[in-house]
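J.: Here's a structure for you.
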Amino acid sequence: MVPTTLIMNNLDIANNLFLERKFSQAIEEYTKILKNDSQNLTALNNMGYALTKLKKFDLALECYEKSLEIKVDDHVVLVNKISLFRKIGKVDDALKLCNQILEKHPDELIVLYHKLRLLKKLNRIEESNEICKRILSIYPSNIEVQNEFIK
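In the numbering used here, the protein residues as written are 6 to 156.
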């Protein structure tokens with residue numbers, strides 16, 4: 006087993022590479038971490054996110070699925086998975102995840118926003134307007150959502 010401090014140092018290195026938009030190098034570092042700790046949720050999630058940035062969607066989805074095997078309701082991973090599904094056109098899957106999260110967290114703004122965009126894509130205008138109203142009841146000064154509202 007590799008000492009936790011070494012894994013944390015590697016995680017810091019990987020995350021800094023990610024922030025510098027050096028996604029391939031960040032993925033190499035996340036891979037090293039996962040060789041020593043295959044259940045490191047932070048490395049799995051961040052690697053999935055980096056893979057998404059490189060448009061390696063199947064590999065990103067694998068990372069998210071592995072994360073969810075370890076921690077079934079990991080909120081951050083579920084939101085990243087919604088984002089991935091939106092990018093690859095799996096609208097129904099993304100909407101299903103949104104609804105799953107919103108059952109437990111009905112005021113989760115990022116999930117509400119994803120759902121808004123998905124409903125608009127499906128041309129479900131009345132429902133998207135209801136989501137707009139809900140978001141604006143929580144965050145009234147959100148100009149972007151105000152502009153999404155279709156009268």
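For each residue, glycine too, the CB sits at the ideal point set by N, CA and C.
Please read all numbers here as calculations on a predicted model, not as lab measurements.
Report the rounded CA-to-CA distance for ALA65 versus LYS71, giving the unit in angstroms.
T.: On the sequence shown, position 60 is the one that residue 65 refers to. On the sequence shown, position 66 is the one that residue 71 refers to. Spanning the two alpha carbons is a distance of roughly 10 Å.
J.: Quick check on the DSSP output: the alpha helix (DSSP H) that includes HIS80 runs from which residue to which?
T.: On the sequence shown, position 75 is the one that residue 80 refers to. Where HIS80 is concerned, the enclosing alpha helix (DSSP H) stretches over 80-92.
J.: Considering only the beta carbon of each residue, do LYS126 and ILE136 sit closer than 7 Å?
T.: As a working note, residue 126 is residue 121 in the sequence shown. As a working note, residue 136 is residue 131 in the sequence shown. Against a cut-off of 7 Å, the Cβ pair of ILE136 and LYS126 comes out as no contact.
J.: In this structure, how does DSSP classify GLN30 when only helix, strand and coil are distinguished?
T.: One-based indexing of the sequence shown puts residue 30 at position 25. In the structure shown, GLN30 sits in a helix (DSSP, three-state: H, G or I).
J.: Buried or exposed for THR57, please, with buried defined as at least 16 other CB atoms from any protein chain shown within 10 angstroms of its CB.
T.: The count along the sequence shown starts at 1 and reaches residue 57 at position 52. Buried: at least 16 other Cβ atoms inside 10 Å.
J.: Quick one: what does DSSP say GLN151 is sitting in, helix, strand or coil?
T.: To locate residue 151, count along the sequence shown from 1; it is residue 146. Helix at GLN151.
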